[in-house]
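Q: I am attaching a structure below and will ask some questions about it afterwards.
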Amino acid sequence: DGPKKVVFLVNGNLGDKSFFDLGAAGMKQIKAKYGDAVETKVIEMGTDQTKWLPTFEDVSEQGFDLIVSSTFEIADILSEVAPNHPDQTYVLVDGVMPYEKGGYDNVYSVVFKQNEGSYLAGILAAGLLKDGTIPADQGTSIGFLGGMDIPVINDFLTGYVEGAKSVNPDIKVAISYAGSFNDAAKGKELALAQYRTGTAIGFNVAGLTGLGQLAAAKDVGKWALGVNSDQEAIFKESDPAMAAKVATSMVKNIDVSILRTYDLFLEGKLPVGKVEAIGLAENAVGLVETGNMKTLASDDLKKQIETARAGIIDGSIKVTSAFGLETDKLNALRDSVRP
Amino acid sequence: MTDFDLASLITFIPAILRVTTPILLAALGVLISERAGVLNIGVEGMMLTGAFAGVVVSAATGSASLGFLAALIAGGLLGALLSFAVHVLKSDLILSGIALNMAAAAGTTLLLFMLTGDKGMSGSLSSKVLPHLTIPVIAGIPVLGTLLSGHHILTYAAFLAVPGVGLFLMRTPMGLRLRAVGENPESAAIAGINVRRVQIGALVTSGVFAGAAGAFLSMGYVSWFSQNMSAGRGFIALAAEVMGHGSASGTMFASLLLGLAEAASIALQGAGLPSELMQTVPYLVPVIALVVHARRRQRQLARA
Amino acid sequence: MTDRPLIAFAGISKTYGNGTLALDDVSFAIRPGVIHAVCGENGAGKSTLMKILFGLEQPSSGSIQLDGEAVAIASPRVAAERGIGMVHQHFSLVPSLSVAENIVLGQEPRRGAFLDRVAARRRVEELSRRYNLAVDPDATVRTLSVAAQQKVEILKALSRDVRVLILDEPTAVLTPPETEELFDRLRDMRAAGLTILFISHKLREVRALASHVTVLRAGKLVGDAPLAAIDDEAIARLVMGQAAGPALKRGGRSSGAPRVVVTGVHLKARDANDRVEGIDLTVHAGEILGVAGVDGSGQRGLVSLLTGRAQPTTGAITYEGKPSAGLGTAALRRLGLAHLPADRFQDGGSKRMTLVENAMAGAHRLAAFSTGPFLKRRAMETRTEEMIARYKVRCPGPNAPLSALSGGNAQKLIAAREFATEPHFMIADQPTRGIDVAAAAFLHERLAELAAKGGAVLLITADLDELLTLSDRIVILYAGRIVARLENEPGLTPERLGPYMLGLESAA
Amino acid sequence: MIRSAFASFVITAILLVLVVGIVLVPIAMSLPDPLAVLDTFVFGPFRNPRHTGNIIEMATPAMMCGLAVAVMFRAGMFNLGVEGAFFLGGLATVATVLLVPLPAFAMAPVGILVGAVVGSSVCAVPGYLRARYDASELVSSLMLNFAALFIGLFVVNYFLRDPAAGAMVSFKIPAEAKLPKLITGTRIHLGTLIALAACGLGAVYLFMTRAGFEARIVGSNPSFAAHLGLPIRSILLRSQVIGGLIAAGAGGIEMLGLYQRFSWQSLPGNGWTGVVVAILARDNPILLIPAALFLSYLQVGGDLIARNFDVPSEAVGLIQALVLIVVTAQAIMRNPRLIRLVAGKKPAASPAQETKAVEGSVA
Ligand SMILES: Nc1ncnc2c1ncn2[C@@H]1O[C@H](COP(=O)(O)OP(=O)(O)OP(=O)(O)O)[C@@H](O)[C@H]1O
Ligand SMILES: Nc1ncnc2c1ncn2[C@@H]1O[C@H](COP(=O)(O)OP(=O)(O)OP(=O)(O)O)[C@@H](O)[C@H]1O
Ligand SMILES: [Mg+2]
Ligand SMILES: [Mg+2]
């Protein structure tokens, strides 16, 4: 029979520099690896949520072998569509089906433990301050710039704060939310406000808004931490001075995991009807260690990060997740590090 | 952020000016169109397109000035396009403006994708930025230096444009004609003025201002273009113009107020209040200011 | 003077977008250096023809020849280049601009890139002196009285180098001395070689000024003759298609109880022209009280007080014995107030709404036209059709927008609405401004009839013939005060009123 | 009347073919099967009942938001609060059905009612500020839209958030609260009937009631309204409250009709759609229905080609923008010669300069 058909449904628009772009990159990797044996397709469903269900229904009838989509919101859509198409296989990235209620034997969910990767980012940020690599006159606290006050963003925050606290229990973290994912100018302004009030290094988790932090870091000569993809690499060619201020990026290898999903699917080993949570152990999240970090971080600090990684993998270190965390508890965590 | 001493207040001022700049530039554009009777709802789309053109052309030519020029031209062309829809096709003004915004959002993303293979941002293009200006002597003076020196060139341009636009509207023959056309097109036509030509000119000029506002975002604030990066500033500019009651100075004060509210909400992030509530500040302050202002006007009228 | 016509209309027809045939194959010629009058009923097509000559409308067919050469007048700009100026029936000023700005608009004096305000002011002052039309160049037009705006209009037309001046009902709101002055100036201009096209419903003015008259009726040319060759009655017959009815006899009514009593009323207004500086006034049932005065002597303030749009700063108004303090327009209208406003399109109606809607607004809450919250559209339409028929409103139909009506016809419809409520107290503010003779006579009958039935009428008018024809008593306003109270006895003439109106005498 | 309206429709159809031709044909030509692309765009929405259903589902909030805009525009109010009212109405409806213990049958009606009342504030507050202080309703409504968004997000985060969910969304809307589906195989729900009824009632209100008549008088000439002694302020306020109630009610209906949870994290854009629909329909409530259906048809057709062919969704956005401009192009649509050509009859009078009226109310 002919080539296999895989489709990735974007419940928004491409260009977010985050899950959607990474998902599309995963489709490219599948195509690159399997060539003519596979047909891949990416469909943008847009931001109008009422259009998502009809698109899933259409696509489910078009004979795809694998239908991939991402984000938690899609779980609700799949819970309506998947039972009606028992022969169709679905993959939900960064979201979980309510398996405990039974059913959904045709959906494979995979979630990323971004809190684990962020824990390492927190160690790096706090460590750079503690060991004086970033001198105290640049600032004494670290920053976090979130797109919105929502669980998937806060999952980065909890790990980041806990990682930093593991280095310095008294660390202060300036936390801002932009309220938008595409306003780079506002992201820059928020980052500048943090830098102005004593932040020396900040972590942006805000899509296109977050990139504004890089411009701010360049302007004031302080430091930024990228997210999802290697943000140093984005500007390496076009703006080396800015790229030089990205200490590292906490990557979330959605692309790699989508390719892995397809590999497993071909082998007949895809664990449908289940959720897999992948993190440091699976190399699904982690820090970019080949860029600025290589020269910036001391060997001690790198060692400390390695130790933490091992601890998380072997379970001796537990990182709090924002999923399922009550608002009160989250507020308590944020209050504990307020500058 | 509790220590609101003079020093932190002064460091706060450049932030206000930065936030105000794109709003003010766009609002002056809206002002010109509004006084000519053709309210430019498409300012958001023109801004976005200006931001895009600036980046692409400066990357292609290696020249920030050419990029900036392209941003102005792109905004002006969209103004001409809007005026084509309104004056030649005789489409509805508001609807054409909304359609233009839709088209600009889609068109810039599409072109970006065609040029870079990326729909999100232009990070792979080495585009140029416009400079910040240090004013020789003043820069050295403690407080005054922070206030007056070191801002982006377009920040100076925006504030200098205020008396420029004010003078243009109130003191030049062209401005007189423009106001006459906006207030009473039939009378203007009777006076031998080509209403259509004046309105076309106003929309093009309005687009040029919007293009400059866009260039500030992509060649000032940051050094790249990203999807929908105007992020609603065009509508804020529309509000600023209306709050300014049709005068250039009023528009400037309204823009400054909006900028101040936004900058304050940014500075107050991390004060421990829910971020959502902090984010309402930039939108509630103008409403309150509007009411206070309107009440004062009412009282003045009542007293007169 | 040559015999070659300066302007020749050749077979001009005009059909408006809504299908109204406003002009039907009109041809006539105008010789240079004359004052040429154009007469006709409301809606006859006079303004349309002038707009075509001025480039504001394009003819559907036919052509215009200027100096024997066929010209296409595509816009007012072209008209101005050809030396044609026009004073419009409806104002064409920009309210927020100053007098000087309005006058120089389109041909501004410059100093460098800027408007030369000094030169503009000088130009206005010079014009104002030359034509003896006093205006304040720095005043904002919005604050001017209608008469003052009319002067600005005329100055604006004269400010261009014109050889042809079109005046579309320019005298409607001028006082007699002002009108006489204007006529003198127009005669001077003719002597200086200017050709003047003059539209008026007042035969007396036509005769006093013009040497030639063209009459239009329902879009057709029905008469074109030197004035020397035609008598008034013949013109009236041409205008109306029939002989005029007998003129109304003045006075002779007996007045009843006081209906509206104004005592010691003051009104502070932003605009000095609207201020009321202490007025005592009683309008009785069954009488018509005429109010004379140069426009801007406090009439607007008085009207806004009487209609409830403003409350007196001091003093009191009683309405059928009850104090009206705090009552708004709606409450007063319920008590029987009606008001024919001076500016018919600004206050009297809505151009974009249909005739039915304009005619029934206000009455729509009556039981005859609504059940519960709902309107009885059929009844409203029937009623409007009756009004249209009774008031002879020339219109495409009851569902046409008001904007499609000529000025006079719109006024008739609005009058029909205000009379329909059988008011106890009617304020008629310039009720026949711009209305043709027949329609004016008709409205005069309505006012007289209303008074005869016991209604109280306050008539504010700049037309002293009208004032003297209708009023039982006359008060004269000057600077917000009553300077004279006169019984309208047979000997009273416009000349006697003049000195009071100009504030030269006082008898109160 | 009917004939020239019909002529307008024929002209529209011809124009659309032209526009789609100009933009889509070059794109389609670059693809393997250009005819299939055109075919899908034009006829695709009617091939599958589900897609036809999508048109109607999408038109439902568009009609109601258009009605809300039309009611306010007719009173001369340039209130853009429909966007925020729709959002807040949806939120308050969901909050009511989640937090208030209600018998099953009362959930939807009470929820929508509460949603309508709460959400209407985004239109009513600017309305009040305008009526009371003469403060520009354009500015305050534009600003309050965003304020409503962030206040709404705060409420979701602190009061309605399902901690078991991985996104900032409310708990699930109970099944009993959902609006019943009308046609199996589609998602068309009771809300569509409500929207149609609302448009009918809107026409009755504007053209057949005293209150609507008075609102139109105020909207078309406030001085005339003052001459008549109409209570202008309360009429202005009333129009904006009605507009707000309709818009917010639409938000609630949308939630209970099509959503499982409250999950908006930004303004959903229905307010702008409402403005577009109202302008297309020239503020006529009955014409809102075809206008909304037309807009949704374009959307569904565009989505279908973007989904099934290599046509970027942005190209579809461009086509839609162009179509909007062309269908309101009076130079073409109301060209007397064209209309005569199609209808064989003289065109009706065109109300003078409608754009001017809108501008006037902005100032
Ligand atoms: N920022 C400014 N700096 C210096 N001069 C200004 C400035 N803004 C305006 N002016 C001067 O004031 C004049 C009035 O301009 P402006 O735009 O403020 O109109 P305005 O007369 O105040 O309008 P309004 O009638 O609404 O009050 C201008 O012609 C200019 O000479
Ligand atoms: N813009 C228009 N659209 C449609 N019909 C119009 C328009 N302007 C005028 N008409 C119609 O054309 C006819 C002639 O109007 P015109 O204004 O020329 O009359 P007129 O002789 O000046 O009357 P009046 O003495 O009342 O000013 C009238 O029936 C009028 O209703
Ligand atoms: Mg001012
Ligand atoms: Mg006329």
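Each protein sequence line maps, in turn, to chains H, G, W and U. One gets the numbering used here by counting positions in the first sequence from 1 and adding 1 to each. One gets the numbering used here by counting positions in the second sequence from 1 and adding 15 to each. One gets the numbering used here by counting positions in the third sequence from 1 and adding 1 to each. One gets the numbering used here by counting positions in the fourth sequence from 1 and adding 315 to each. Cβ atoms here follow ideal geometry from the backbone N, Cα and C, with glycine treated the same way.
Below 8 angstroms, can you find three or more Cβ-Cβ pairs linking the segment 233-240 of chain G to the segment 126-144 of chain W?
A: no
Q: Within the present structure, is the beta-carbon of His37/W separated from the nearest heavy atom of ligand 2 by less than 8 angstroms?
A: no
Q: How far does the beta strand (DSSP E) with Lys253/H in it extend, from its first residue to its last?
A: Lys253/H -> beta strand (DSSP E) spans Val247 to Lys253.
Q: On the criterion of 16 or more Cβ atoms from any shown chain inside 10 Å, does Val286/H qualify as buried, or is it exposed?
A: buried
Q: Can you confirm whether Ile550/U, when its beta carbon is compared against all beta carbons of chain G, has any partner nearer than 9 angstroms?
A: no
Q: Ala228/G versus chain W: which residues are under 9 angstroms apart at the beta carbon?
A: Within chain W, no residue comes near Ala228/G; the closest Cβ sits about 25 angstroms away, beyond 9 angstroms.
Q: Alpha helix (DSSP H) containing Ile547/U: first to last residue?
A: Ile547/U -> alpha helix (DSSP H) spans Ile547 to Leu573.
Q: Compare the C-beta of Phe358/U with all C-beta atoms of chain H and state if any pair is closer than 9 angstroms.
A: The C-beta of Phe358/U comes no closer than 9 angstroms to any C-beta of chain H.
Q: Please work out which residues of its chain come closer than 6 angstroms, Cβ to Cβ, to Leu457/U, disregarding the five sequence neighbours upstream and downstream, and give them in chain order.
A: Leu395
Q: Counting only Cβ pairs nearer than 7 angstroms, list the residues of chain H close to Leu232/G.
A: Those are Ala186, listed as they occur along chain H.
Q: At 4 residues or longer, and completely inside the segment 63-129 of chain W: list those alpha helix (DSSP H) runs for me, N to C.
A: 77-82 and 100-105
Q: Excluding the five sequence neighbours on either side, which residues of its own chain have a C-beta within less than 6 angstroms of the C-beta of Phe73/H, listed in chain order?
A: The beta carbon of Phe73/H sits closer than 6 angstroms to those of Gly96, all from its chain and outside the five residues before and after it, given in chain order.
Q: Select from the segment 120-137 of chain G all residues with a C-beta closer than 9 angstroms to any C-beta belonging to chain H, and list them in chain order.
A: For the segment 120-137 of chain G, the beta-carbon criterion of a distance under 9 angstroms to any beta-carbon of chain H is satisfied by Thr124, Leu127, Phe128, Asp133, Lys134, Gly135, Met136 and Ser137.
Q: CA-CA distance, Phe358/U and Glu154/W?
A: 60 angstroms
Q: From the beta carbon of Leu333/W, is the nearest beta carbon of chain U less than 9 angstroms away?
A: yes
Q: For Glu201/G, return the contacting residues in chain W, with the cut-off set at a CB-CB distance below 7 angstroms.
A: Per Cβ cutoff of 7 angstroms: Ser93.
Q: Taking 8 angstroms as the line, does the beta carbon of Ile168/G fall inside it for any heavy atom of ligand 2?
A: no
Q: Report the neighbours of Thr220/G on chain W: residues whose CB is nearer than 9 angstroms to its CB, in chain order.
A: Under the 9 angstroms cutoff, chain W gives no residues; its nearest Cβ is about 15 angstroms from Thr220/G.
Q: Using 8 angstroms as the cut-off, classify the Cβ of Asp49/H as near or not near the heavy atoms of ligand 2, replying yes or no.
A: no
Q: Is the Cβ of Gly309/W closer than 9 angstroms to any Cβ of chain U?
A: Between Gly309/W and chain U, the shortest Cβ-Cβ separation is below 9 angstroms.
Q: Looking only at its own chain, which residues have a Cβ that is under 8 angstroms from the Cβ of Glu109/W, when we skip the five neighbours before and after it?
A: Leu116, Asp117 and Ala121
Q: Return the chain-ordered list of same chain residues with a C-beta closer than 6 angstroms to the C-beta of Leu397/U, the five sequence neighbours on each side being excluded.
A: A small fix is needed here, since residue 397/U is Val in this sequence, not Leu. Here the set comprises Cys380, Ala383, Val384, Ala562, Gly586 and Gly589.
Q: Say the cut is 8 angstroms; is the CB of Gln347/W nearer than that to a heavy atom of ligand 2?
A: no
Q: Excluding the 5 residues preceding and the 5 following Ala118/G in the sequence, name in chain order all residues of the same chain whose CB lies nearer than 8 angstroms to its CB.
A: Gly60
Q: Along chain U, which residues have their Cβ under 7 angstroms away from the Cβ of Gln294/G?
A: Phe465
Q: I want to check one thing, is the minimum distance from the CB of Asp464/W to the heavy atoms of ligand 2 below 8 angstroms?
A: no
Q: Which two residues bound the contiguous beta strand (DSSP E) that contains Lys5/H?
A: Going by DSSP, Lys5/H is part of the beta strand (DSSP E) stretching over Lys5 to Val11.
Q: With distance defined between alpha-carbon atoms, name the residue in Leu193/H, Glu163/H and Asp171/H nearest to Ala179/H.
A: Each of Leu193/H, Glu163/H and Asp171/H was checked against the Cα of Ala179/H, and the nearest Cα belongs to Leu193/H.
Q: Along the chain, which unbroken stretches of the alpha helix (DSSP H) at least 4 residues long are found entirely within the segment 290-326 of chain W?
A: For the segment 290-326 of chain W, whole alpha helix (DSSP H) runs of length 4 or above, ordered along the chain, are 300-307.
Q: For the alpha helix (DSSP H) that Asp220/H lies in, which residues bound it at each end?
A: Gly208 to Val221
Q: Once the 5 residues before and after Ala172/G are set aside, which same chain residues still bring their CB inside 8 angstroms of it?
A: Leu40 and Ala227
Q: Tell me whether Leu508/U is buried or exposed, calling it buried when 16 or more other Cβ atoms sit within 10 Å of its Cβ.
A: exposed
Q: What runs of the alpha helix (DSSP H), each 4 residues or longer, lie entirely inside the segment 382-434 of chain U?
A: 397-414 and 419-434
Q: Could you give the DSSP three-state label for Arg476/U: helix, strand or coil?
A: strand
Q: Give me the residue from Val158/G, His167/G, Val34/G and Leu43/G with the minimum Cα distance to Phe322/G.
A: The displayed coordinates of chain G run from 16 to 319. Any statement about residue 322/G would go beyond what the structure contains.
Q: Tell me, please, whether the CB atom of Phe461/U is closer than 9 angstroms to any CB atom in chain G?
A: Closer than 9 angstroms to some Cβ of chain G, the Cβ of Phe461/U qualifies, so yes.
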